[in-house]
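Since the structure comes first, as structure tokens, the remarks are kept for the end.
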Amino acid sequence: MAEEDIIETTAREKQAETEEEVENETNETTEEETVKDKEQERRERLDEKLKQGKEITDKIAEDITRTVDSFIVNMKSMQKNVDGKINDYKKTAVNGLYADLVEDEEKYYLRVWVPGIPKKDIEIEASDNELVIEVEFDSLADSIESEDKKVIINGLKTGKCTKTIHFEENIDIETIDAKANKGVLNIIVNKIQAPKQKVNVE
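So for the sequence shown, the working numbering puts the first residue at 44; every next one is plus one.
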């Protein structure tokens with residue numbers, strides 16, 4: 044009987060050990076699954092953060108691109124504006140006409156230098172409050188037929204030259220008086236006098 048008890052006890056111990064091992068393995072499996080689940084959650088959170096970071100970076104890049112494009116458009120517009128101002132200055136400085144303008148209560152008096160220009164080649168256009176004078180100066184080099192000519196000094200105005208006069212008041216374009224003599228153009232322009240009417244107070 045003692046031998047059977049020993050065998051039974053040993054069997055129980057083995058069974059207890061086996062159950063404990065199974066329980067331990069189950070616990071380890073559960074722990075491993077928990078670790079895997081946590082790792083998976085961490086990865087998902089990291090992926091979400093990376094996705095959000097990429098979206099923010101893409102938006103910043105898009106905003107920067109839009110800002111740069113807008114800056115380039117503005118710079119081109121400014122350059123165009125500056126070029127226009129420079130061209131206007133060149134027209135005034137190089138292809139303009141020298142003029143004096145004086146006024147009194149009733150008239151504007153204008154004197155313009157047009158040396159060497161015949162009367163028939165002086166063009167004048169008038170509108171309500173503007174006068175445009177246009178002449179064309181011949182080039183000395185163009186008037187010389189020699190093929191081996193060489194320009195040394197080019198200080199005189201050549202080509203079409205204009206002068207635009209803007210008046211503060213409307214002018215009477217029907218009564219403009221223009222006379223040219225010895226390269227000087229004198230113009231007298233009458234101002235349009237606004238009619239005055241007395242108002243009766245009742």
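Built from N, CA and C at the ideal position, the CB exists for glycine as well.
All values reported here derive from a predicted model rather than from experimental measurement.
Legend entry - For E166, the nearest candidate out of N124, P238 and T205 (CA to CA): The candidate whose alpha carbon is nearest that of E166 is T205.
Legend entry - Whole-angstrom distance between E179 and D35, CA atom to CA atom: Nothing can be reported for residue 35: it is not among the residues displayed for the chain, which extend from 44 to 245.
Inset, instruction - Would you kindly work out how many angstroms separate the C-alpha atoms of D147 and I115, rounded to a whole number? - result: When only Cα atoms are considered, D147 and I115 end up about 50 Å apart.
Inset, instruction - Take the Cβ of L228 as the centre, count every other Cβ of all protein chains shown within 10 Å, and call the residue buried at 16 or more, exposed below. - result: Around the CB of L228, 16 or more other CB atoms lie within 10 Å, so the residue is classed as buried.
Inset, instruction - Give the straight-line distance between the Cα atoms of I107 and R88, rounded to the nearest whole angstrom. - result: In a straight line, the C-alpha of I107 is about 28 Å away from that of R88.
Inset, instruction - Would you give the residue range spanned by the alpha helix (DSSP H) that S170 belongs to? - result: In the DSSP assignment, S170 falls outside any alpha helix (DSSP H) and lies within the beta strand (DSSP E) extending over E166 to S170.
Inset, instruction - Name, in chain order, the residues that DSSP records as bridge partners for Y152. - result: Paired residue(s): V145 and I231.
Legend entry - Helix, strand or coil at N197 according to DSSP, with G and I counted as helix: N197 sits in coil when the DSSP states are folded into three classes, being neither helix nor strand.
Inset, instruction - Please classify L153: is it buried, with 16 or more other beta-carbons within 10 angstroms of its beta-carbon, or exposed? - result: Of the other Cβ atoms in all chains shown, 16 or more fall within 10 Å of the Cβ of L153; this residue is therefore buried.
Inset, instruction - Would you tell me roughly how many angstroms separate the C-alpha atoms of I235 and Y141, rounded to the nearest one? - result: Each residue's alpha carbon lies about 26 Å from the other.
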